[in-house]
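Structure first, then comments.
In the UniProt record's numbering, the protein residues as written are 1 to 140.
And the structure:
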């Protein structure tokens, strides 16, 4: 069993890789730190988005997100890491540009769950500013 310090270092590394991969739009690097049983949930529940498994998330990425976002920038402003519960929380302002050139800015909170040693993400819950997020989807 990994020490608490090691788990914390692993969690921080996975979060860093995840944010950098999202900003670089690097799907392969992002998925390299996700478990085979990874789950994704878009929140709030008022968005009526079902929980996605690894394969469904891949489809979302390639079929919706990639054609919808011309540019994508997350700037984390707050991070909380908890090695004991194997979770992290990241609050970030987010700026995206859609193919028409229109920019959108909104807030996002990512609640991230990890495996036992903190080396893989097992679950990601992303809580979006739903009003702004829906405006983005309506614009494309």
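The beta carbon of each residue, even a glycine, is placed where N, CA and C say it ideally should be.
These figures come from a predicted structure and were not determined experimentally.
Could you work out which residue in the options is closest to residue i when comparing CA atoms only?
i           : options              : result
residue 103 : 95, 110 and 109      : 95
residue 79  : 60, 124, 12 and 23   : 12
residue 68  : 124, 127, 125 and 25 : 25
residue 73  : 105, 124, 30 and 33  : 105
residue 58  : 33, 97 and 27        : 27
residue 129 : 97, 47 and 62        : 47
residue 124 : 29, 6, 10 and 33     : 33
So what's residue i in DSSP terms, helix, strand or just coil?
i           : result
residue 73  : strand
residue 24  : helix
residue 124 : strand
residue 115 : coil
For the putative contact between residue i and residue j, defined by C-beta atoms under 8 Å, what is the C-beta separation to the nearest angstrom?
i          : j           : result
residue 71 : residue 93  : Incorrect: roughly 14 Å between the Cβ atoms, too far for contact.
residue 37 : residue 122 : 6 Å
residue 81 : residue 8   : 6 Å
residue 84 : residue 4   : 7 Å
residue 54 : residue 60  : Not quite, the Cβ-Cβ distance comes to about 11 Å (not below 8 Å), so this is no contact.
residue 29 : residue 21  : 4 Å
Any heavy atom of the ligand FMN closer than 8 Å to the CB of residue i?
i          : result
residue 51 : Among the components of this structure there are no ligands whatsoever, and the ligand FMN is therefore not found.
Can you find a CB in chain B that lies within less than 9 Å of the CB of residue i?
i          : result
residue 73 : The displayed structure is made up of one protein chain only, and chain B is not part of it.
Three-pair Cβ contact test at 8 Å for the segment 103–117 versus the segment 83–94: yes
With a floor of 3 residues, list each beta strand (DSSP E) that falls wholly inside the segment 40–113, ordered by position along the chain. Segments of the beta strand (DSSP E) lying fully in the segment 40–113: 71–74, 78–82 and 87–97.
Touching by the beta-carbon criterion (3+ pairs, under 8 Å), the segment 38–47 and the segment 13–20: With the cut-off at 8 Å, the segment 38–47 and the segment 13–20 do not touch.
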